[in-house]
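Undergrad: What follows is a single structure, and I will ask about it in a moment.
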Ligand SMILES: *Cc1c(COP(=O)(O)O)cnc(C)c1O
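Structural data, given as structure tokens:
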């Protein structure tokens with residue numbers, strides 16, 4: 001069994017085995033004609049259940065043969081131009097090379113003594129990202145597992161900063177306020193179109209879902225800052241405190257970017273932490289032509305970026321950046337066995353001091369390889385291409401009488417719905433037609449689209465992150481969706497007749 005350990009005696013097996021795996025994936029990429037086969041859970045579950053995990057196969061080749069039938073054949077391939085579902089990007093090759101290196105070397109970025117070099121590379125990339133955002137000289141941050149964790153981490157810091165400041169202010173007036181008394185009084189403001197991880201974070205932070213005040217959005221699905229201003233004004237009268245304002249730079253559904261400069265002004269006026277969730281919109285940081293769409297982000301106290309969305313990186317690759325590195329201390333704990341205080345005094349760079357994880361992947365290497373091979377402009381121009389595609393796709397849907405589209409996209413999503421060109425249908429039946437069209441399309445494997453609700457009604461969604469997708473793909477998928485929706489409505493009429 002020792003022959004399976006990766007070490008100086010097994011270099012050949014390592015090279016052969018990894019190459020075999022790479023060959024299978026390469027063959028798959030070359031032959032996928034659809035995003036996936038359309039297999040159902042009921043068909044696939046018994047195949048996986050039947051595998052005897054206590055009886056291994058002869059070798060890697062045999063395991064890869066088996067993997068074909070349990071995974072590779074039916075997986076969803078995000079590189080396919082008709083995968084228009086969620087915020088999954090096709091990945092760039094330098095990042096995949098980085099992934100192979102980082103898992104083989106297997107550094108763990110919690111402490112310097114497990115990650116020599118890796119820690120410094122991660123720090124350079126955090127510095128690079130913070131500079132692109134414009135956070136200033138005091139900035140810092142950390143790689144995380146994803147946008148949800150980044151948002152949670154940022155709000156943890158925001159909560160503890162709010163407690164520190166409010167408790168101190170209170171004490172200055174001679175009133176002692178405990179954290180337990182204060183927590184139920186903290187409020188987080190975010191738009192109706194923001195990501196649900198804001199609500200989840202509030203719950204995990206002991207504030208409850210009720211702590212989140214949803215601010216309405218305007219026609220373009222951007223936070224309505226006049227309402228935010230009023231809500232902030234009213235808070236003090238209720239004896240409550242504004243812990244944070246979470247702005248979204250690229251909402252998951254619409255790609256809309258909240259008015260960042262105005263939100264920054266209001267947050268500052270009310271001494272609230274400003275967090276910008278740029279999980280999706282962060283790609284604009286490298287866009288050669290559209291960086292200005294993020295103007296105002298430089299005022300943030302913290303920012304979430306998901307490189308695994310708009311930087312074409314494999315999952316996971318995300319970061320949370322802060323304006324003031326001192327605030328990271330709210331997640332610091334000195335464990336005697338790992339990162340004793342003494343090490344911090346000796347200025348040994350232990351990233352665990354800043355992270356809510358302990359053992360942590362060297363995800364930064366993927367972005368490093370990407371920047372070293374493609375450069376920032378190269379990466380940004382790929383994101384620009386999908387933004388251009390979305391603009392062209394908007395015109396296609398807008399011109400199609402079978403569909404109505406909600407907003408002209410700021411980034412790269414299109415939210416729309418099928419509307420019959422003739423006949424009157426009940427609203428709930430039309431909602432079902434959208435759901436049916438999405439489901440039937442998924443079951444066919446021909447294309448993948450997403451769905452969402454807008455003002456209570458069911459809609460369909462294209463998330464465009466693949467520069468290979470064309471307007472012909474968009475037109476073809478619209479035809480498929482319309483056919484499924486028409487068939488559904490036709491059948492339901494026949495039933496009701
Ligand atoms: C995707 C997304 C998140 C969550 O990020 P994960 O990496 O999926 O955890 C948070 N905010 C926004 C705006 C997103 O689009």
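Numbering (the UniProt record's numbering), first residue to last: 1 to 497.
Glycine included, every Cβ here is placed at the ideal spot set by N, Cα and C.
Nothing here was measured: the structure is a model prediction, and the numbers come from that model.
1. Taking DSSP as the reference, what is the three-state secondary structure of residue 203?
2. Since residue 243 is in the beta strand (DSSP E), which residue starts that stretch and which ends it?
3. Which two residues bound the contiguous beta strand (DSSP E) that contains residue 149?
4. Taking the alpha-carbon positions, what's the residue 204 to residue 11 distance?
5. What is the DSSP secondary structure of residue 213, counted as helix, strand or coil?
6. To the nearest angstrom, how far is it from the Cα of residue 197 to the Cα of residue 27?
7. Since I believe residue 298 is in contact with residue 171 (beta carbons under 8 Å), could you give me their beta-carbon distance rounded to a whole number of angstroms?
8. For residue 31 and residue 469, what's the separation of their Cα atoms in angstroms?
9. Since residue 379 and residue 418 should fall inside the 8 Å C-beta cutoff, what is the C-beta to C-beta distance between them, to a whole number of angstroms?
10. The beta strand (DSSP E) spanning residue 458 covers which residue range?
11. Look at the alpha carbon of residue 92 and the alpha carbon of residue 313, and state the distance between them as a whole number of angstroms.
12. Does the distance from the C-beta atom of residue 411 to that of residue 387 stay below 9 Å?
13. Could you pull out every unbroken beta strand (DSSP E) segment of at least 3 residues lying fully inside the segment 86-149, listed in chain order?
14. Between which two residues does the beta strand (DSSP E) carrying residue 185 extend?
15. Measuring CB to CB, does residue 286 end up less than 9 Å from residue 229?
16. Mapping DSSP to helix, strand and coil, what is residue 83?
17. Note the first and the last residue of the continuous beta strand (DSSP E) segment covering residue 418.
18. May I ask you to report which of helix, strand or coil DSSP gives residue 191?
19. Kindly give me the distance between the Cβ atoms of residue 244 and residue 139, rounded to whole angstroms, as I take these residues to be in contact under 8 Å.
20. Run through the segment 18-49 for me and flag every whole alpha helix (DSSP H) of 4 or more residues, listed as ranges in chain order.
21. Buried or exposed: where does residue 168 fall if 16 or more other Cβ atoms within 10 Å of its Cβ makes it buried?
22. With a threshold of 8 Å, establish whether the CB of residue 366 neighbours any heavy atom of ligand 1.
23. Kindly indicate which three-state DSSP category residue 321 falls into: helix, strand or coil?
24. What three-state label does DSSP hand residue 237 in the structure shown?
25. What does a CB cutoff of less than 6 Å around residue 98 pick up in its chain, not counting 5 residues either side in sequence?
26. Just to check, is the beta-carbon of residue 244 closer than 8 Å to a non-hydrogen atom of ligand 1?
27. Just reading off the alpha helix (DSSP H) that residue 65 is part of, what are its end residues?
28. Residue 306 bridges to which residues according to DSSP?
29. Can you grab the Cα-Cα spacing for the pair residue 191 / residue 246, in whole Å?
30. Measure the Cβ-Cβ separation of residue 58 and residue 20 and say whether it is below 9 Å.
31. I'd like to confirm something about residue 151: is its beta-carbon nearer than 8 Å to some heavy atom of ligand 1, or not?
32. Give the straight-line distance between the Cα atoms of residue 499 and residue 147, rounded to the nearest whole angstrom.
33. Cutting at 7 Å between CB atoms, please list the residues of its own chain near residue 182, excluding the five before and the five after it.
34. Flag residue 329 as yes when its Cβ comes closer than 8 Å to any non-hydrogen atom of ligand 1, and as no otherwise.
35. Give me the Cβ distance between residue 255 and residue 278, rounded to the nearest whole Å; I'm assuming they're in contact under 8 Å.
36. Could you check if residue 129 belongs to the surroundings of ligand 1, using beta carbon to heavy atom distance under 8 Å?
TA: A quick look at the data gives this:
1. The sequence position of residue 203 within the chain shown is 203, counting from 1. Reduced to three states, the DSSP call for residue 203 is helix.
2. The residue given as residue 243 occupies position 243 in the chain shown. Counting along the chain, the beta strand (DSSP E) containing residue 243 begins and ends at 241-248.
3. Mapped onto the chain shown, residue 149 falls at position 149. Per DSSP, residue 149 belongs to no beta strand (DSSP E); it is in the alpha helix (DSSP H), 147-172.
4. Against the chain shown, residue 204 aligns to sequence position 204. Against the chain shown, residue 11 aligns to sequence position 11. Roughly 45 Å separates the two Cα atoms.
5. Your numbering for residue 213 matches position 213 in the chain shown. Strand.
6. Along the chain shown, one-based indexing puts residue 197 at 197. Along the chain shown, one-based indexing puts residue 27 at 27. Answer to the nearest angstrom: the Cα atoms are 37 Å apart.
7. Locating residue 171 in the chain shown gives position 171, counting from the first residue. Locating residue 298 in the chain shown gives position 298, counting from the first residue. Going by Cβ atoms, the distance from residue 171 to residue 298 rounds to 32 Å, so no, they are not a contact pair.
8. Taking the chain shown and counting its residues from 1, the one referred to as residue 31 is at position 31. Taking the chain shown and counting its residues from 1, the one referred to as residue 469 is at position 469. Distance between the alpha carbons of residue 31 and residue 469 is about 17 Å.
9. For the purposes of this step, residue 379 is taken as residue 379 along the chain shown, with counting starting at 1. For the purposes of this step, residue 418 is taken as residue 418 along the chain shown, with counting starting at 1. Residue 379 to residue 418, Cβ: 35 Å. No contact.
10. As a first step, residue 458 must be located in the chain shown, where it is residue number 458. Note, residue 458: beta strand (DSSP E), 457-463.
11. Start at 1 with the first residue of the chain shown, and residue 92 comes out as number 92. Start at 1 with the first residue of the chain shown, and residue 313 comes out as number 313. Between residue 92 and residue 313, the C-alpha separation is close to 7 Å.
12. Indexing the chain shown from 1 puts residue 411 at position 411. Indexing the chain shown from 1 puts residue 387 at position 387. Yes. Within cutoff.
13. 140-144
14. Walking along the chain shown from the start, residue 185 turns up at place 185. It is not in any beta strand (DSSP E) - residue 185 carries neither H nor E in the DSSP assignment.
15. Translated into the one-based positions of the chain shown, residue 286 becomes position 286. Translated into the one-based positions of the chain shown, residue 229 becomes position 229. It is not a contact, given that the beta carbons lie outside the stated cut-off.
16. Here residue 83 corresponds to residue number 83 of the chain shown, with the count starting at 1. Strand at residue 83.
17. To locate residue 418, count along the chain shown from 1; it is residue 418. Segment 413-418, the beta strand (DSSP E) holding residue 418.
18. On the chain shown, residue 191 is found 191 positions in, with the first residue counted as 1. Looking at residue 191 - three-state DSSP - the assignment turns out to be strand.
19. Taking the chain shown and counting its residues from 1, the one referred to as residue 244 is at position 244. Taking the chain shown and counting its residues from 1, the one referred to as residue 139 is at position 139. The pair is not a contact, with the Cβ atoms about 18 Å apart (cut-off 8 Å).
20. 41-49
21. Position 168 of the chain shown holds residue 168. The residue is exposed, with fewer than 16 neighbouring Cβ atoms inside 10 Å.
22. Counted from its first residue, the chain shown places residue 366 at position 366. False, no ligand heavy atom lies under 8 Å from that Cβ.
23. Here residue 321 refers to the residue found at position 321 when the chain shown is read from its first residue. Three-state DSSP puts residue 321 in a strand.
24. The sequence position of residue 237 within the chain shown is 237, counting from 1. Helix, per DSSP.
25. Walking along the chain shown from the start, residue 98 turns up at place 98. So the list reads 365, 366 and 369, once near-sequence residues are dropped.
26. Counted from its first residue, the chain shown places residue 244 at position 244. Not under cutoff, so the answer is no.
27. Residue mapping note: residue 65 aligns to position 65 of the chain shown, counting from 1. Unbroken alpha helix (DSSP H) run through residue 65: 60-67.
28. Translated into the one-based positions of the chain shown, residue 306 becomes position 306. 318, per the DSSP bridge assignment.
29. Looking up residue 191 in the chain shown gives position 191. Looking up residue 246 in the chain shown gives position 246. Cα to Cα, residue 191 sits roughly 8 Å from residue 246.
30. Taking the chain shown and counting its residues from 1, one reaches residue 58 at position 58. Taking the chain shown and counting its residues from 1, one reaches residue 20 at position 20. In this structure, residue 20 does not lie closer than 9 Å to residue 58 by Cβ.
31. As a working mapping, residue 151 is identified with position 151 in the chain shown. Correct: residue 151 has its Cβ closer than 8 Å to ligand 1.
32. Absent from the model: residue 499. The displayed extent of the chain is 1 to 497, so no value can be given.
33. Here the question's residue 182 lines up with position 182 in the chain shown. Contacts found: 163, 166 and 167.
34. Counting from one through the chain shown, the residue named residue 329 turns up at place 329. Flag unset: Cβ of residue 329 not near ligand 1.
35. By one-based count along the chain shown, residue 255 stands at place 255. By one-based count along the chain shown, residue 278 stands at place 278. The Cβ separation is near 11 Å, so there is no contact.
36. Numbered from its first residue, the chain shown carries residue 129 at position 129. Incorrect: residue 129 has no Cβ contact closer than 8 Å to ligand 1.
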